[in-house]
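There are 2 protein chains.
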Amino acid sequence: MTVEPVRIALGPEPSELLARAITDGGATVSELGQARALIWDGGPAGFPERLPEGVAWVQLFSAGVEDWFDSGVFDRHPGVVFTSAAGAFARSVAEHALALLLAGVRYLPEHLRARSWRQREFFPHVGTLRGATVAVVGAGGIGRELIELLAPLGARVLAVNRSGRAISHPAVVETVPAHRLSEVWSRTDHVVVAAPATPATRHLVGARELAQLKPTSWVINIARGGLIDTDALVAALRAGVIGGAGLDVTEPEPLPDGHPLWELPNAIVTPHDSNPPRLRTVAFAEHVADNVARFVAGRELNARIDVAAGY
Amino acid sequence: MTVEPVRIALGPEPSELLARAITDGGATVSELGQARALIWDGGPAGFPERLPEGVAWVQLFSAGVEDWFDSGVFDRHPGVVFTSAAGAFARSVAEHALALLLAGVRYLPEHLRARSWRQREFFPHVGTLRGATVAVVGAGGIGRELIELLAPLGARVLAVNRSGRAISHPAVVETVPAHRLSEVWSRTDHVVVAAPATPATRHLVGARELAQLKPTSWVINIARGGLIDTDALVAALRAGVIGGAGLDVTEPEPLPDGHPLWELPNAIVTPHDSNPPRLRTVAFAEHVADNVARFVAGRELNARIDVAAGY
């Protein structure tokens with residue numbers, strides 16, 4: 109018995125990366141006429157007026173799909189399942205957070221300034237995530253991806269989420285509900301801020317919180333600048349209250365020229381580039397491979413658009 | 109039915125970290141008189157002349173145990189199993205390698221030099237390990253630990269070992285035998301050198317190998333300086349033949365003041381501090397917890413010393 113391969117089309121342009129994603133997911137690339145699904149790497153403008161009858165699923169590139177709703181494409185294809193790229197970009201941001209945290213813990217900023225082999229001076233400053241407690245404040249998509257990266261490093265994660273519903277993962281030693289966040293600061297070695305920006309999370313990290321951390325603690329922010337009180341952070345970095353800060357987002361943003369964060373030796377600022385346009389394509393390919401595998405296996409697709417609900 | 113706890117003693121000094129390792133491993137800390145095993149965090153000088161009869165296993169702190177052989181301790185306790193700390197320190201070195209690689213891929217050296225928010229200039233330079241091929245040259249203890257860290261980042265590992273015996277791991281796309289190493293350079297995005305220093309591995313990375321890499325490739329060396337031809341590397345870094353280098357070891361070592369590697373913006377030099385004395389204690393505690401768990405379960409212990417063979 110030969111099993112018929114699942115045929116999936118690609119548009120509007122050919123793409124080697126996305127073709128590989130389709131193959132990786134266990135399907136084969138075909139013309140739209142023979143396809144059961146379509147991976148669409150473009151906007152609504154060039155989308156086919158009518159899809160062939162065999163097409164049951166369309167994967168779109170964007171995470172937000174307001175313009176697709178406006179275009180009427182969904183209404184023209186009531187029998188087709190559409191999925192977005194929502195959640196596909198969490199991994200790149202989590203990787204960036206890990207890069208910042210490891211750079212801090214391994215004392216790379218000071219190493220980069222060195223012009224001489226001062227091994228004995230460096231020895232006491234090189235840290236490890238092994239056995240270290242890392243508070244992941246906001247355990248949504250990015251936070252959960254980060255936990256996967258921290259696990260093999262041997263970090264012990266304090267996961268903070270709104271509900272406090274336990275995150276079941278060997279690396280998570282405790283899930284703390286947001287209303288008990290104040291207990292976390294004195295219990296952790298490092299903090300990664302990955303929470304959404306809401307009135308409740310504004311200046312979540314301020315002078316009082318920083319004071320409870322350790323002189324070796326690194327604070328990483330890959331969420332929104334307003335979650336940290338920048339003036340309090342600058343004061344803590346200057347006084348050595350904490351070890352350092354890795355910031356992909358700032359308040360104000362963009363960070364103006366001449367701001368003290370540019371000059372502080374224990375601050376790493378990246379200009380909100382944890383998920384640059386170039387990487388979105390790679391992340392999208394991963395998302396596609398995963399969804400193709402789900403489609404082939406008849407499992408539920410990720411990021412299915414609810415046309416009736418409008419998102 | 110109550111199960112009798114496995115009692116393990118600690119010496120020569122009390123240690124909170126090691127006591128927790130014993131507990132983490134599923135045993136309880138006790139006096140030597142009642143113990144079935146001893147974790148010994150010191151040298152041979154203060155070691156007990158005669159161990160109580162109940163003690164079946166002794167865990168030593170050092171990875172090399174020449175002085176223990178010289179001391180006669182093993183001969184005095186022929187019925188006791190001794191284990192060393194061999195392999196315990198691979199994880200810290202692997203973590204350092206990952207920190208250097210991620211710092212390079214995420215363009216952190218240039219970010220650290222920035223004094224202005226130049227997002228659009230940075231966008232094209234921020235890379236990812238997701239979907240990237242990483243050649244791990246020398247897949248021994250450190251290499252295998254590194255593969256565990258690279259896996260959740262979505263890297264595709266080309267593992268190079270002497271035998272070419274396949275390393276079975278979802279992240280390893282191919283195990284390449286050392287005699288086919290020349291095929292690797294043009295197929296990889298990044299290289300981590302983790303091989304032992306032997307006449308056969310001297311200047312393993314030279315001008316010809318570097319020329320086959322990409323302008324975005326990072327070369328990491330956490331093994332021995334002599335594995336890389338330093339002059340060829342400096343030339344490649346200057347010309348932009350590769351993206352950068354992260355070096356915990358150099359040739360010559362220590363790297364002398366005024367050496368071009370200190371000034372090159374795409375080189376990160378750390379003075380052979382990937383496993384500093386302070387971290388060895390933490391790594392040892394992990395090793396102890398693992399071995400205690402094995403002892404409690406009656407499984408084979410890691411790093412058992414073969415007294416007859418002399419290592």
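In order, the protein sequence lines correspond to chains A and B. Each residue of the first sequence is one higher than the one before, counting from 109 in the numbering used here. Each residue of the second sequence is one higher than the one before, counting from 109 in the numbering used here. Ideal Cβ placement from N, Cα and C applies to all residues, glycine included. These figures come from a predicted structure and were not determined experimentally.
Practice task
Just mark Val268/B as buried or exposed, buried being the case when its beta carbon has 16 or more other beta carbons within 10 Å.
Solution key: On the second sequence, residue 268/B is found 160 positions in, with the first residue counted as 1. By the C-beta density criterion, Val268/B is buried, having at least 16 other C-beta atoms within 10 angstroms.
Exercise for the section: Spell out whether any CB of chain B is found under 7 Å from the CB atom of Pro217/A. Expected result: What you label residue 217/A is simply residue 109 of the first sequence in a count that begins at 1. It does; some Cβ of chain B falls within 7 Å.
Practice task
State the start and end residues of the unbroken alpha helix (DSSP H) segment that holds Gly354/A.
Solution key: As a working note, residue 354/A is residue 246 in the first sequence. Segment Gly352 to Leu355 is the beta strand (DSSP E) holding Gly354/A; no alpha helix (DSSP H) there.
Exercise for the section: Count the CB pairs spanning the segment 253 to 266 of chain B and the segment 275 to 282 of chain B that are closer than 8 Å, and state whether there are at least three. Expected result: As far as the Cβ criterion goes, the segment 253 to 266 of chain B touches the segment 275 to 282 of chain B, which means the pair count is three or higher.
Problem - Other residues of its chain near Thr358/B: CB distance less than 6 Å, five sequence neighbours each side excluded - result: By one-based count along the second sequence, residue 358/B stands at place 250. So the list reads Gly333, once near-sequence residues are dropped.
Exercise for the section: Name, going along the chain, the residues of the segment 194 to 209 of chain A whose beta-carbon falls closer than 7 Å to a beta-carbon of chain B. Expected result: Those residues of the segment 194 to 209 of chain A that come within reach of chain B (Cβ to Cβ, closer than 7 Å) are Arg199, Ser200, Glu203, His204, Leu206 and Ala207.
Exercise for the section: Give the straight-line distance between the Cα atoms of Val404/B and Leu126/B, rounded to the nearest whole angstrom. Expected result: Counting from one through the second sequence, the residue named residue 404/B turns up at place 296. Counting from one through the second sequence, the residue named residue 126/B turns up at place 18. About 16 Å.
Exercise for the section: Spell out whether any CB of chain B is found under 7 Å from the CB atom of Ala127/A. Expected result: The count along the first sequence starts at 1 and reaches residue 127/A at position 19. It does not; no Cβ of chain B falls within 7 Å.
Problem - Contained beta strand (DSSP E) runs [length at least 3] in the segment 142 to 180 of chain A, N- to C-terminal order - result: Listed in chain order, the complete beta strand (DSSP E) runs (minimum 3 residues) inside the segment 142 to 180 of chain A are 145 to 148 and 165 to 168.
Problem - Selected residue, minimal CA-CA separation from Gly212/A, among Ser294/A, Arg252/A, Ile328/A and Trp293/A - result: Counting from one through the first sequence, the residue named residue 212/A turns up at place 104. Relative to the Cα of Gly212/A, the nearest Cα in the group Ser294/A, Arg252/A, Ile328/A and Trp293/A belongs to Ile328/A.
Practice task
Give the residues from the segment 233 to 251 of chain B that approach chain A closer than 7 Å (Cβ to any Cβ), ordered along the chain.
Solution key: For the segment 233 to 251 of chain B, which is checked against every Cβ of chain A, the residues closer than 7 Å are Val234, Thr236, Leu237, Arg238 and Gly239.
Practice task
Could you please tell me which residues of the segment 156 to 187 of chain B, in chain order, have their CB closer than 9 Å to any CB of chain A?
Solution key: Residues: none.
Problem - Neighbourhood of Gly331/B by C-beta, 6 Å cutoff - its chain only, sequence neighbours within 5 removed - result: Translated into positions along the second sequence, residue 331/B becomes position 223. The residue asked about is misnamed: residue 331/B is Ala in this sequence, not Gly. In the same chain as Ala331/B, and ignoring 5 residues on each side of it, the C-beta atoms closer than 6 Å to its own belong to Val301, Ala302 and Ala303, in chain order.
Handout entry: Classification of Thr236/A by the beta-carbon crowding that lies within 10 angstroms, buried from 16 upward
Key = For the purposes of this step, residue 236/A is taken as residue 128 along the first sequence, with counting starting at 1. With 16 or more other Cβ atoms within 10 Å, it is buried.
Practice task
Just mark Gly133/B as buried or exposed, buried being the case when its beta carbon has 16 or more other beta carbons within 10 Å.
Solution key: Sequence index remark: in the second sequence, residue 133/B carries index 25 (1-based). By the Cβ-count criterion, Gly133/B is buried, with 16 or more other Cβ atoms from all chains shown falling within 10 Å of its own Cβ.
Practice task
Can you tell me which of the three DSSP states Leu312/B falls into?
Solution key: Counting from 1 along the second sequence, the entry for residue 312/B is found at position 204. Three-state result, Leu312/B: coil.
Exercise for the section: Would you mind sorting Gly154/B into buried or exposed? The rule is 16 or more other CB atoms within 10 Å of its CB. Expected result: Reading the second sequence from its first residue, position 46 is the one you call residue 154/B. In the assembly as shown, Gly154/B is an exposed residue. Its beta-carbon has fewer than 16 other beta-carbons within 10 Å.
Handout entry: chain B within 7 Å of Phe230/A, Cβ atoms only
Key = Taking the first residue of the first sequence as position 1, residue 230/A is located at position 122. It does; some Cβ of chain B falls within 7 Å.
Handout entry: Beta carbon proximity, Asp365/A to chain E, threshold 7 Å
Key = Protein chains A and B are contained in the structure displayed, whereas chain E is not.
Problem - Residues sharing a beta bridge with Arg421/B, DSSP - result: Here chain B covers residues 109 to 419 and nothing more, so residue 421/B does not appear.
Problem - Spatial neighbours of Pro379/A in its chain, beta-carbon cut-off 7 Å, leaving aside the 5 residues before and after - result: As a working mapping, residue 379/A is identified with position 271 in the first sequence. For Pro379/A, where only same-chain residues beyond five positions count, the Cβ hits under 7 Å are Pro362.
Handout entry: Stretch-stretch touch, CB-based, cutoff 8 Å, three pairs: the segment 163 to 172 of chain B with the segment 185 to 195 of chain B
Key = Short answer: they touch.
Practice task
Kindly say whether Val400/A, judged by its beta-carbon, lies nearer than 7 Å to any beta-carbon of chain B.
Solution key: Within the first sequence, numbered from 1, the residue matching residue 400/A stands at position 292. At least 7 Å separates the CB of Val400/A from every CB of chain B.
Handout entry: Gly437/B in three-state terms, based on DSSP
Key = This structure does not reach residue 437/B, given that chain B is present from 109 up to 419, and the question cannot be answered.
Exercise for the section: Please report how far the alpha carbon of Ala171/B lies from the alpha carbon of Val400/B, in whole angstroms. Expected result: The residue labelled residue 171/B in the question sits at position 63 within the second sequence. The residue labelled residue 400/B in the question sits at position 292 within the second sequence. Their backbone Cα atoms lie some 17 Å apart in a straight line.
Exercise for the section: Determine the chain A residues that contact Pro323/B at a beta-carbon separation under 9 Å, and present them in chain order. Expected result: To locate residue 323/B, count along the second sequence from 1; it is residue 215. Listed along the chain, the chain A residues whose CB falls inside 9 Å of the CB of Pro323/B amount to none; the nearest CB is some 14 Å away.
Exercise for the section: Compare the C-beta of Val114/B against all C-beta atoms of chain A and say whether one is closer than 7 Å. Expected result: Taking the second sequence and counting its residues from 1, one reaches residue 114/B at position 6. Not closer than 7 Å to any Cβ of chain A, the Cβ of Val114/B fails to qualify, so no.
Exercise for the section: Along the beta strand (DSSP E) that carries Ile376/A, what are the first and last residues, could you check? Expected result: As a working mapping, residue 376/A is identified with position 268 in the first sequence. It spans Ala375 to Val377 - the beta strand (DSSP E) in which Ile376/A sits, taken as one unbroken run.
Practice task
Have a look at Tyr52/A and Pro232/B and give me their C-alpha separation to the nearest angstrom.
Solution key: Past the boundaries of the shown model lies residue 52/A; chain A is included only from 109 to 419, so the question cannot be answered.
Handout entry: Member of Val181/B, Glu253/B, Leu210/B and Arg386/B whose CA lies at the smallest distance from the CA of Val415/B
Key = As a working note, residue 415/B is residue 307 in the second sequence. Residue Val181/B is the option with its Cα nearest to Val415/B.
Practice task
List the endpoints of the continuous alpha helix (DSSP H) containing Ala391/B.
Solution key: Here residue 391/B refers to the residue found at position 283 when the second sequence is read from its first residue. Note, Ala391/B: alpha helix (DSSP H), Pro385 to Ala405.
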